[in-house]
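Novice: The structure that follows is given in the form of structure tokens.
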Amino acid sequence: MLDALTDPTGPDRPALLTLGDAVLSRDGLLEAAGRLSGGLREAGGPVAVHATASVETVVAVVAGLLSGVPVVPVPPDSGPVEREHVLRDSGAAAWVGPAGLGGGLPGVAARAGDPAAYDPDATALVLYTSGTTGLPKGVPHTGRSLAACLDGLAEAWAWTPDDVLVHGLPLFHLHGLVLGLLGPLRVGSPLVHTVRPSPEAYAGATGSVYFGVPTVWHRLVGSPASAHALRRARLLVSGSAPLPVTTFTALESLTGLAPRERYGMTETGITLSARVDEPPRAGWVGRPVGSTQTRLVAADAEGMGRLEVRGPSVMSGYLGRPTPDLDADGWFATGDLAVVDDDGWHRIVGRESTDLIKTGGYRVGAGEVEAVLLEHPAVDEVAVVGVPDDDLGQRIVAYVVGSGSPGLEDELVALVGSRLSWHKRPRAVVMVDALPRNAMGKVQKKTLAEG
Ligand code: MCA
Ligand code: AMP
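Every position in the sequence shown, counted from 1, becomes a number in my numbering once 25 is added.
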């Protein structure tokens with residue numbers, strides 16, 4: 026999986042990885058990971074990692090891949106309910122992170138071990154992602170599914186060891202961790218991780234390829250001096266949420282680079298992308314990556330249908346779920362609505378369910394936030410929705426029926442933050458007398474989301 030890292034003839038650049046103040050060479054990273062890999066193996070099961078944007082996280086992930094031990098990145102800002110769920114649900118056997126946060130799991134001994142024989146079909150990573158209801162679900166990826174995703178993108182973007190990748194995305198989701206860390210390690214291109222994806226940090230780093238979620242690009246174009254500094258790059262890539270046409274246009278005029286948009290899911294890897302050797306189209310996410318196939322189901326008169334995908338980067342099913350999540354022919358229903366033009370370009374029109382919110386590129390299930398809010402004695406009914414937001418794409422708003430009192434809104438926001446990840450906190454709590462319902466009694470979330 027980590028071809029360029031483990032290949033002794035591969036590029037050994039003085040700075041394979043720059044992360045904040047830390048600089049690691051290929052040999053330095055291999056050595057550090059090697060010192061942990063025996064300890065990981067002794068854990069006898071998956072290892073959960075407190076996935077801060079740090080060298081410790083990188084070393085633990087690489088050690089897991091070298092030793093054939095599945096790694097479960099845990100968002101470092103998750104509250105106890107979410108963290109304990111991830112630790113339990115993943116069957117983690119050991120913990121790399123601060124002692125008090127590991128739910129009683131043993132730590133990993135710093136012990137060297139021989140690299141395991143690479144099994145491309147063994148689970149390499151388990152990534153957690155929200156559904157419409159309940160706590161997040163585990164998505165297992167194998168070396169094979171990760172490699173397929175990365176190789177398809179490297180081809181579409183002409184990504185080579187001569188590139189330097191820059192980004193500052195979190196190291197616990199597919200975007201920052203797989204594309205943004207395993208990508209450079211597989212391709213052999215150095216990575217500059219800026220810890221935070223701020224405009225100033227992107228401007229201060231020198232690279233040829235930059236990754237960001239639309240919020241990152243929106244903030245960059247709001248800081249023209251920083252955006253100008255990216256003129257020396259060759260490729261800007263946006264993903265994880267729709268890139269507004271206005272941001273696309275502003276980015277192009279400030280940097281001289283028309284961004285390439287790509288689309289994917291934790292469950293499927295990146296399945297669609299604009300290519301670097303073709304002009305991009307604002308609002309469109311391109312064609313299938315590698316050997317991925319797509320189809321639209323139940324398309325309407327305008328050609329809009331439910332997007333399904335299949336291919337080597339798609340997971341084979343959620344962790345520990347008895348029912349198959351793909352159909353017998355391997356198609357996975359993304360839950361996104363799309364159109365496809367005559368050239369095979371895809372445009373994502375929206376999501377089928379209003380209960381999956383994308384805020385700042387993070388996926389948040391409305392049901393998960395509602396369940397926490399309902400724990401509060403002053404809350405009788407609640408509906409959580411994503412309201413359009415220029416910066417975040419959607420912002421989380423909770424409509425609450427209950428006995429309001431001074432300070433209740435802040436208390437409810439804090440309650441969510443104390444249980445789940447911080448980005449799942451509502452940005453606003455609106456007290457209402459009743460929730461809008463249809464004749465069947467179902468809450469009309471579309472009405473609430475439209476404001
Ligand atoms: C946030 N704040 C709040 C609340 N929410 N304060 C009170 N109440 C709230 N409800 C605070 C924050 O703590 C922060 O405080 C300040 O407001 C600004 O927060 P925010 O607007 O969220 O900005 P940010 O903290 O700078 O984060 C923006 C971000 C971040 C960096 C773009 O959202 C991000 O890293 N997104 C990336 C998500 C991602 O990687 N998704 C990929 C999923 P303070 O300033 O004090 O800290 S994988 C995927 O989607 C697929 C596979 C794909 O296609 O890639
Ligand atoms: P996640 O589970 O965080 O991996 O989020 C996956 C979801 O993000 C997809 O189902 C889409 O709704 C959304 N998404 C990712 N990339 C794009 C994009 N380029 N345009 C529109 N939506 C996107």
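We treat Cβ as the ideally placed atom computed from N, Cα and C, and that holds for glycine.
These numbers were taken from a predicted model, which means no experiment stands behind them.
Looking only at its chain, what residues have a beta carbon closer than 6 Å to the beta carbon of W356, apart from the 5 residues adjacent to it on each side?
Specialist: For W356, where only same-chain residues beyond five positions count, the Cβ hits under 6 Å are E333, R335.
Novice: Could you check which residue in V404, S103, Q419 has the C-alpha nearest to that of G411?
Specialist: The shortest C-alpha separation from G411 is found at Q419.
Novice: Give me the DSSP bridge partner(s) of Y235.
Specialist: BP columns for Y235 point to V191, L261.
Novice: With a threshold of 8 Å, are at least 3 pairs of Cβ atoms found where one atom belongs to the segment 170–182 and the other to the segment 302–315?
Specialist: Result yes; three or more Cβ-Cβ pairs closer than 8 Å.
Novice: I'd like to confirm something about G163: is its beta-carbon nearer than 6 Å to some heavy atom of the ligand AMP, or not?
Specialist: Not under cutoff, so the answer is no.
Novice: Does the ligand AMP have a heavy atom nearer than 6 Å to the CB of G213?
Specialist: No, the beta carbon of G213 sits no closer than 6 Å to any heavy atom of the ligand AMP.
Novice: So V441 packs on L398, CB below 8 Å; how close in whole Å?
Specialist: So it is a contact: roughly 7 Å between Cβ atoms.
Novice: One question on the structure: do V217 and G232 come within less than 7 Å of each other, judged by their Cβ atoms?
Specialist: Yes, they are a contact pair.
Novice: Between R306, E400, V48, which lies nearest to A283 when the distance is taken from Cα to Cα?
Specialist: Checked all of R306, E400, V48; the closest Cα to A283 is R306.
Novice: Under three-state DSSP, which class holds H166?
Specialist: Strand, per DSSP.
Novice: At a threshold of 6 Å, does S92 count as lining the ligand SAH (C-beta to nearest heavy atom)?
Specialist: The ligand content of the structure shown is limited to the ligand MCA and the ligand AMP, which means the ligand SAH is not among them.
Novice: Per DSSP, what are the beta-bridge partners of L297 in this structure?
Specialist: Its beta-bridge partners are Y288, P313.
Novice: Helix, strand or coil for P105, going by three-state DSSP, please let me know.
Specialist: P105: helix per DSSP, three-state reduction.
Novice: Are A119 and A68 touching if we call contact CB-CB under 7 Å?
Specialist: Yes, the pair counts as a contact, with Cβ atoms nearer than the cut-off.
Novice: Apply the 10 Å Cβ neighbour rule to K495 and answer buried if 16 or more other Cβ atoms are within range, or exposed otherwise.
Specialist: This structure cannot settle anything about residue 495, because the visible part of the chain is limited to 26 through 476.
Novice: Within 6 Å: the Cβ of Y153 and any heavy atom of the ligand MCA?
Specialist: No, the Cβ of Y153 stays beyond 6 Å of every heavy atom of the ligand MCA.
Novice: Here's the rule: buried if 16 or more other CB atoms are within 10 angstroms of the residue's CB, otherwise exposed. What is E56?
Specialist: When all chains shown are included, E56 counts as exposed.
Novice: Can you tell me the Cα-Cα spacing of D325 and V339, whole angstroms?
Specialist: The straight-line gap from Cα to Cα measures roughly 26 Å.
Novice: Between G205 and F236, is the Cβ-Cβ spacing less than 7 Å?
Specialist: Going by C-beta atoms, G205 is nearer than 7 Å to F236.
Novice: Answer yes or no: do P71 and S103 have a C-beta to C-beta separation smaller than 7 Å?
Specialist: Not a contact, by the Cβ cut-off of 7 Å.
Novice: Grab the span of the beta strand (DSSP E) containing K383 for me, first residue to last.
Specialist: 381–384 is the extent of the beta strand (DSSP E) around K383.
Novice: Quick one: using the 10 Å Cβ neighbour count with 16 as the cut-off for buried, is G127 buried or exposed?
Specialist: Buried is the call here.
Novice: By DSSP's criteria, L150 is part of a beta bridge. Which residues make up the other side?
Specialist: DSSP output for L150 lists V96, H166 as bridge partner(s).
Novice: May I ask you to check if the CB of D352 is nearer than 6 Å to at least one heavy atom of the ligand AMP?
Specialist: D352: no, Cβ never under 6 Å from the ligand AMP.
Novice: Assign Y387 to one of three DSSP states: helix, strand, or coil.
Specialist: Residue state, collapsed to three classes: strand.
Novice: What's the gap between the Cα of L279 and the Cα of A252?
Specialist: Going by the C-alpha atoms only, they are around 6 Å apart.
Novice: Taking Cβ to Cβ, would you say A137 is nearer than 7 Å to G53?
Specialist: Result no, Cβ atoms of A137 and G53 do not sit closer than 7 Å.
Novice: Three or more C-beta pairs closer than 8 Å, one from the segment 429–438 and one from the segment 373–383: is that the case here?
Specialist: No: the two stretches stay apart, fewer than three of their Cβ pairs being nearer than 8 Å.
Novice: With H, G and I counted as helix, E and B as strand and the rest as coil, what does DSSP make of A363?
Specialist: Three-state DSSP puts A363 in a strand.
Novice: Just verifying my parser: in three-state terms, what is the DSSP assignment at P413?
Specialist: Looking at P413 - three-state DSSP - the assignment turns out to be strand.
Novice: Cα separation between I295 and D139?
Specialist: Distance between the alpha carbons of I295 and D139: 32 Å.
Novice: Count the other CB atoms within 10 Å of the CB of A117; is the residue buried (16 or more) or exposed (fewer)?
Specialist: So A117 counts as buried.
Novice: With DSSP collapsed to three states, give me the class of W242.
Specialist: W242: helix per DSSP, three-state reduction.
Novice: Taking 6 Å as the cut-off, is the CB of P284 close to at least one heavy atom of the ligand AMP?
Specialist: No, Cβ of P284 sits at least 6 Å from all heavy atoms of the ligand AMP.
Novice: Starting from V438, trace the beta strand (DSSP E) in both directions and tell me its first and last residue.
Specialist: First-last for V438: 433–444, but that is the alpha helix (DSSP H), not the beta strand (DSSP E).
Novice: For the ligand AMP, is there any heavy atom lying closer than 6 Å to the beta carbon of D361?
Specialist: At least one heavy atom of the ligand AMP is nearer than 6 Å to the Cβ of D361, so yes.
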